[in-house]
Amino acid sequence: MGLTYDASGVSIDRGNLFVQKIKAITGQAPNPNVVGGIGGFSGLYRLDGETLLAACCDGVGTKIEIARSCGHLEFLGQDLVAMSVNDLVTCGARPLFFLDYIACGRLDVERFEPILNSIQSACVESGCALLGGETAEMPGVYPPDGFDLAGFAVGVVRESALVDGKSIRPKDLVVGLASSGLHSNGFSLVRKALLEVEGSESLLSTPAGCEEPLWKMLLAPTRLYVRAALQGASTGVVKGMAHITGGGLEENVSRVLPPGCRLRIDYGTWSYGKVFSLIQEKGVPEEEMRRVFNLGIGYVFIVSPGDLEQLLASLETIGESPLLIGEIE
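Under our numbering, the residues of the sequence shown are numbered 576 to 904, in order.
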């Protein structure tokens, strides 16, 4: 059977079930200003007329444990911002502001300062303000060196410019943008596959055939896709967008597909990246790899065949190298 995410303690199925419970609970007190309900990459709230606010929250999961083990926390702030703003822009929303939450066993100001600097830099790159946050020192809940991070992002989009996937049809094409590596999900499985036997000291070694130590490969910061997403959306031809996190390409892209459409991904037509090979070599089956990781594609656009060249050209003007990776059936 091989190593699985479930065996490492994380169940995607339980997470999906919990989302269904949340939908049922929120449905008990519907709000007329909520647009689209629960389950999208971000929630939408009608502020007035055509103006919609988009909002979402996320964390960086157990990537924190690897960063803590090797003493490199300086990339986690970008991870935190990216996990929220990348979700936010899938509907075409422009990020307005971001808030952070840090919970820890002991507040070490010098230790956490690199995280805050990274959050601020990522907000600047994403065009949003770091508006505030909360820091909670919680001894007894966390060990002295333990901590967790959460982030919250709010953006705005005109309803007429909303990218919601409703116009997606069979024969539409799937265009992907490369990831920087693992990004910020699947790390419970990563730790089980790569570190459980060798131990955390192996983080300092450079795997055979690689040019960087393992810790640097694993902690490569999550790419910020805000500029690319808004550039693509500005063409007016993008029908749907997806941020590829837990659930992989198939589950995340399927979230924006209308009934009657299904996704076909042409796996193997792009380079996954060495870090994914290292994980798979430890006994993680291909099917599980596809369900847990982004496999080298961190963001996706869906477009009609006749509009493909316009989208590709637009993305290339800002330095992106978009890839045709599949089709809607």
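The beta-carbon is built from N, C-alpha and C at its ideal position, and this holds for glycine as well.
Beta-ladder partner(s) of residue i, from DSSP
i: F673; result: L705, A728
i: I600; result: None, per the DSSP bridge assignment.
i: F722; result: C679
i: P714; result: Y717
i: D633; result: G726
i: Y847; result: According to DSSP, which records beta bridges pairwise, Y847 is partnered with nothing at all.
i: G624; result: In the DSSP output, where bridge partners are listed per residue, G624 has none listed.
i: L619; result: V610, A629
i: G901; result: V749, I840
i: V813; result: V878
Straight-line Cα distance separating residue j from residue i
i: G807; j: G815; result: 10 Å
i: N869; j: S754; result: 8 Å
i: E825; j: T844; result: 16 Å
i: Q653; j: Q595; result: 30 Å
i: E685; j: R643; result: 14 Å
i: L682; j: E712; result: 6 Å
i: G715; j: G680; result: 7 Å
i: E649; j: P689; result: 5 Å
i: C836; j: Y717; result: 45 Å
i: G707; j: F673; result: 7 Å
i: G894; j: D623; result: 36 Å
i: Q885; j: G751; result: 15 Å
i: G811; j: E786; result: 41 Å
i: L705; j: R669; result: 14 Å
i: L778; j: G858; result: 19 Å
i: Y620; j: L627; result: 5 Å
i: L651; j: V699; result: 15 Å
i: F687; j: E856; result: 34 Å
Nonlocal neighbours in the same chain, by C-beta distance under 6 Å from residue i, ignoring five residues either side
i: L883; result: L748
i: I641; result: L793
i: T710; result: I677
i: F523; result: Residue 523 lies beyond the residue range present for the chain, which begins at 576 and ends at 904; the question has no answer from this structure.
i: D675; result: I694, G708, G726
i: S742; result: K814
i: E904; result: P745, R837, R839
i: K638; result: S759, F762
i: V660; result: P670, S701, A728, V801
i: S879; result: D747
Same chain only: Cβ atoms within 7 Å of residue i, ignoring 5 sequence neighbours per side
i: I587; result: Y580, G821, G822, R866
i: H647; result: W790, L794
Any non-hydrogen atom of the ligand ZN closer than 7 Å to residue i Cβ
i: L770; result: Judged by which ligands are present, the structure shown has none, so any question about the ligand ZN falls away.
Residues near residue i by beta carbon distance below 8 Å, same chain, minus five either side
i: I854; result: L764, V765, A768, L769, M864, F868
i: C632; result: S659, A725, G726, F727, A728
* Could you say if the segment 798-815 and the segment 658-665 meet the contact criterion of at least three C-beta pairs nearer than 8 Å? => The answer is yes - the segment 658-665 touches the segment 798-815, with three or more Cβ pairs under 8 Å.
* To do: Please confirm if the segment 726-734 is in contact with the segment 751-770, defined as three or more CB-CB distances below 8 Å between the two stretches.
  => Taking 8 Å as the limit for Cβ pairs, the verdict is that the segment 751-770 does not touch the segment 726-734.
* **alpha helix (DSSP H) runs wholly inside the segment 774-807, at least 4 long, in chain order** => 789-793
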